[in-house]
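Counting in the numbering used here, the sequence shown runs without a single skipped number right up to 703 at its last residue.
Have a look at the structure below, then the notes.
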Amino acid sequence: MITAVKSSSTRLRFGAAALAAATALALAGCTAEPTDPEGDGGAPADLTDIVVVSFLPLQSFTFTPEMYAYSSGIFEEHGLDVQLQPVQGTAAAIQTLLGGATPITRVSTVDVMPGMESGQPIVAVGTQAYRSNLRVISTEDNAIESAEDMEGKTIGMGSVGGTSEKMLNFALDDAGVPRDSVTRQAVPVTAATYELVKQGQLDGYIVSLDTSIGIVNQNDDAVSSPAGLVDAPERQVWITTQANLENPDRVDQIERFLAAIKQATQEIIDDAANDFANVLSVLRDSGDWEFAALEDDAIAIEALTTYTTETWIDSTGTVGLLENDVDYWELTYDAYVEAGLLDGGGSPRDWITDELLPQ
Numbered sequence: 345m346i347t348a349v350k351s352s353s354t355r356l357r358f359g360a361a362a363l364a365a366a367t368a369l370a371l372a373g374c375t376a377e378p379t380d381p382e383g384d385g386g387a388p389a390d391l392t393d394i395v396v397v398s399f400l401p402l403q404s405f406t407f408t409p410e411m412y413a414y415s416s417g418i419f420e421e422h423g424l425d426v427q428l429q430p431v432q433g434t435a436a437a438i439q440t441l442l443g444g445a446t447p448i449t450r451v452s453t454v455d456v457m458p459g460m461e462s463g464q465p466i467v468a469v470g471t472q473a474y475r476s477n478l479r480v481i482s483t484e485d486n487a488i489e490s491a492e493d494m495e496g497k498t499i500g501m502g503s504v505g506g507t508s509e510k511m512l513n514f515a516l517d518d519a520g521v522p523r524d525s526v527t528r529q530a531v532p533v534t535a536a537t538y539e540l541v542k543q544g545q546l547d548g549y550i551v552s553l554d555t556s557i558g559i560v561n562q563n564d565d566a567v568s569s570p571a572g573l574v575d576a577p578e579r580q581v582w583i584t585t586q587a588n589l590e591n592p593d594r595v596d597q598i599e600r601f602l603a604a605i606k607q608a609t610q611e612i613i614d615d616a617a618n619d620f621a622n623v624l625s626v627l628r629d630s631g632d633w634e635f636a637a638l639e640d641d642a643i644a645i646e647a648l649t650t651y652t653t654e655t656w657i658d659s660t661g662t663v664g665l666l667e668n669d670v671d672y673w674e675l676t677y678d679a680y681v682e683a684g685l686l687d688g689g690g691s692p693r694d695w696i697t698d699e700l701l702p703q
C-alpha cells in the first residue's frame, strides 16, 4: 500500500522570489547527511535543499514521477527537500542548469544535443522517456492517422520551430512527405482549439497525450493518432553539468534524486494493477497539484497506462529503468545530423553516463 508522508516544511515554491531563494540554496551547495534516528526507515531529520527546474509547469502526467516523489515523501526518504520550479521552456531550463542554480533537469534530446555538440559541458545521467507521446488531433471526416495523411494539410502546434515541429519534420521525412507540403500554424494546444479543426481552419493540431485523451473523451467525432510522431528519434533525458560531476556534494544530490525518481517511477508502474488508485490518491489528496486531467479517472488511467507501458520503460527490453541506451543515443545523433539539426563528427557516447543511477 502506498501512503503519503509529507513534511509540513516542504511546499512548492513558485514565482521569481522563490526561484531566487532556491537558486541561493543551490549555489551554496548546502548538504546534510540523511539520518534516521528512529531506525524505522522514515524520512531523515535533516534534509538537503535542492531546486529542480522543469521546462513546463507540472500540470501533466508526463511529470508524474516528480510529482509523486514530491507528494508521497519519497524525496524526503532519500534525504532531499526538493523545490520543483517550472521555467519558461527548455532553453531556460538548460541555462538554469549551466548557471549552477539546479543540479539536474529533464529535457528532450532534440533540444540538448545541439548544445552538447557545440561544447556545452552537459552530460545526460539518465533517461526518463524512451519515446515521444505527441498526438495529432483531427476529425473523423478528415482523419489524420499517418504522416502521409498530413501532405497538403494545415497543422497547428504550440510554437513553430519547437519540439513538436521538429518531431513533425522527422515523421514527414520518414514517410517521404515533402516538409513544405505541410503548412504550420501556431495555436494554443488546448481542447478549445479543436473548434478550429471542426470549422476547417485547421486540418489537425499536435497536442500532448493528456490533452488528446480529454479531447477524444469529450468529442465523439475527434480522432487522436500518433501519426508517426512517436517513432521520431527523441528521448527525454536527465542532464547535469561536468562541473557538477566533479563536485562530490552535487554528485550526492544527483544520485539521491535519481534514486527517488526511479523508486517513484517503479511504484507508479506497480500500481497499474490497481488502476493507479494509490498514486492518484496521493497526488489528489496532497493538494499540491491542480489540472483537469488529474481529476478525471478515465483520462488519468489511460494516460498513466501509456506512460507506464510505452514511455518510461524501454520497449526493446535492452536497458533498465532510467538507463541510457547508448546504441539508440548514437542512432538519434546520426538522425539529427541527417536532418540538418547537427553538424556531425561528434562523439555522443562521451555525453552520457549511467554511473549516477542506483544499482
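Every residue gets a Cβ at the ideal spot worked out from N, C-alpha and C, and that includes glycine.
These numbers were taken from a predicted model, which means no experiment stands behind them.
DSSP state of residue i mapped onto helix, strand, coil
i, result
"I438", "helix"
"D640", "coil"
"E495", "coil"
"V467", "strand"
"S569", "strand"
"S691", "coil"
"I583", "strand"
"A535", "helix"
"I557", "helix"
"D517", "helix"
"P430", "strand"
"A402", "Residue 402 is actually Leu in this sequence, not Ala. Reduced to three states, the DSSP call for L402 is coil."
"R594", "helix"
"L685", "coil"
"V670", "helix"
"R479", "strand"
"D547", "coil"
"L424", "strand"
"D390", "coil"
Residue i beta carbon near the ligand ATP (any heavy atom closer than 7 Å)
i, result
"L573", "Among the components of this structure there are no ligands whatsoever, and the ligand ATP is therefore not found."
Nonlocal neighbours in the same chain, by C-beta distance under 8 Å from residue i, ignoring five residues either side
i, result
"P522", "E495, L516"
"M501", "S508, E509, L512, R528, Q529, A530, V531, V533, Y549, I550"
"W633", "L402, Q403, M411, S415, L627"
Short Cβ contact (8 Å threshold) for residue i with residue j
i, j, result
"Q472", "W656", "yes"
"I612", "Y412", "yes"
"T650", "L512", "no"
"L700", "V451", "no"
"L442", "T585", "yes"
"L665", "A644", "no"
"F514", "P577", "yes"
"Y474", "R579", "yes"
"A604", "F407", "no"
"R479", "S569", "yes"
"A587", "Q562", "no"
"V397", "T434", "no"
"T609", "P409", "yes"
Close-in-space but distant-in-sequence residues of the same chain around residue i (CB under 7 Å, 5 per side omitted)
i, result
"N486", "D547"
"A566", "I481, T483, Y538, I559, V560"
"T498", "T527, Q529, L546, D547"
"I557", "I643, E646, A647"
Euclidean distance between Cα positions of residue i and residue j
i, j, result
"D493", "V467", "38 Å"
"T392", "R600", "10 Å"
"S490", "D658", "23 Å"
"T676", "A571", "19 Å"
"G688", "E646", "39 Å"
"Y680", "T453", "10 Å"
"E639", "E590", "43 Å"
"F620", "D629", "14 Å"
"Q330", "I438", "No statement about residue 330 is possible, as the shown extent of the chain runs from 345 to 703 and does not include it."
"G520", "F399", "32 Å"
"T379", "L424", "Residue placement at T379 is flagged as unreliable, the pLDDT there being 32, under the threshold of 50; the coordinate-derived value follows with that caveat. Between T379 and L424, the C-alpha separation is close to 11 Å."
"V431", "E682", "31 Å"
"S416", "L627", "8 Å"
"Q543", "G690", "47 Å"
"D614", "T653", "11 Å"
Nonlocal neighbours in the same chain, by C-beta distance under 6 Å from residue i, ignoring five residues either side
i, result
"V663", "D669"
"V574", "R475, S476"
"E667", "D698"
query: Do the segment 526–539 and the segment 451–460 make contact, defined as three or more Cβ pairs closer than 8 Å?
result: no
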